[in-house]
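Engineer:
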């Protein structure tokens, strides 16, 4: 169990690094481990300002995680229109939104029981 948590922490750190490298906005981590019947342990949610930036964030995450951890997502959805891209790393699921789509779906409220951590950025 401790090894899995350490691996999750390392994966999350590299995902955040990938988001920050292309100036992804409003980064939040939702810890779902205390909620019953969830499909993963963590959601990482962020947004970009356009479909171009959303795709850049997704590509940066993939590159950073692949280069550092030799890991790749199990599945990616939504790359075609790049309004909401979901990257499934099994225990960590990344949601990369365009801002207006994130506000519309408001998944942070849907998972309101989860412990939420916001990541401050300096850009």
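Residue numbers (UniProt numbering): 1 to 123.
Beta carbons: idealized from backbone N, C-alpha and C, even for Gly.
Would you identify the three-state DSSP class for residue 32, choosing helix, strand or coil?
Structural biologist: Taking the first residue of the chain shown as position 1, residue 32 is located at position 32. Three-state result, residue 32: coil.
Engineer: In whole angstroms, give me the CA-to-CA distance for residue 66 and residue 122.
Structural biologist: As a first step, residue 66 must be located in the chain shown, where it is residue number 66. As a first step, residue 122 must be located in the chain shown, where it is residue number 122. If you take the alpha carbons of residue 66 and residue 122, they lie about 25 Å apart.
Engineer: Give the secondary structure of residue 39 by DSSP, where H, G and I count as helix, E and B as strand, and everything else as coil.
Structural biologist: Numbered from its first residue, the chain shown carries residue 39 at position 39. Residue state, collapsed to three classes: coil.
Engineer: Is the Cβ-Cβ distance between residue 28 and residue 108 less than 8 Å?
Structural biologist: For the purposes of this step, residue 28 is identified with residue 28 of the chain shown, where counting begins at 1. For the purposes of this step, residue 108 is identified with residue 108 of the chain shown, where counting begins at 1. Taking 8 Å as the Cβ cut-off, residue 28 and residue 108 qualify as a contacting pair.
Engineer: Among 117, 40 and 111, whose alpha-carbon lies nearest the alpha-carbon of residue 74?
Structural biologist: Reading the chain shown from its first residue, position 74 is the one you call residue 74. Answer by Cα proximity: 40.
Engineer: Just to confirm, is the Cβ distance from residue 79 to residue 92 under 8 Å?
Structural biologist: For this step, residue 79 is matched to residue 79 along the chain shown. For this step, residue 92 is matched to residue 92 along the chain shown. No, Cβ-Cβ distance for residue 79 and residue 92 is not below 8 Å.
Engineer: Classify residue 47 as helix, strand or coil using the three-state DSSP reduction.
Structural biologist: One-based indexing of the chain shown puts residue 47 at position 47. Residue state, collapsed to three classes: strand.
Engineer: Hey, how far is the Cα of residue 106 from the Cα of residue 70?
Structural biologist: Position 106 of the chain shown, counted from the first residue, corresponds to residue 106. Position 70 of the chain shown, counted from the first residue, corresponds to residue 70. Their Cα atoms are separated by approximately 32 Å.
Engineer: Spatial neighbours of residue 99 within its chain, please: C-beta separation below 6 Å, excluding the five flanking residues on both sides.
Structural biologist: Start at 1 with the first residue of the chain shown, and residue 99 comes out as number 99. Answer for residue 99: 47, listed in chain order.
Engineer: Could you check where the beta strand (DSSP E) with residue 70 kicks off and where it finishes?
Structural biologist: In the chain shown, counting from the first residue as 1, residue 70 sits at position 70. That residue, residue 70, is in no beta strand (DSSP E); it is neither H nor E in DSSP.
Engineer: Check whether the Cβ atoms of residue 22 and residue 53 lie closer than 8 Å to each other.
Structural biologist: As a first step, residue 22 is located in the chain shown; it is residue number 22 there, counting from the start. As a first step, residue 53 is located in the chain shown; it is residue number 53 there, counting from the start. Closer than 8 Å, so yes.
Engineer: Measuring alpha carbon to alpha carbon, tell me which residue in 30, 13, 11 and 20 is nearest residue 117.
Structural biologist: Along the chain shown, read from residue 1 onward, the residue named residue 117 stands at position 117. Here the closest residue by C-alpha is 30.
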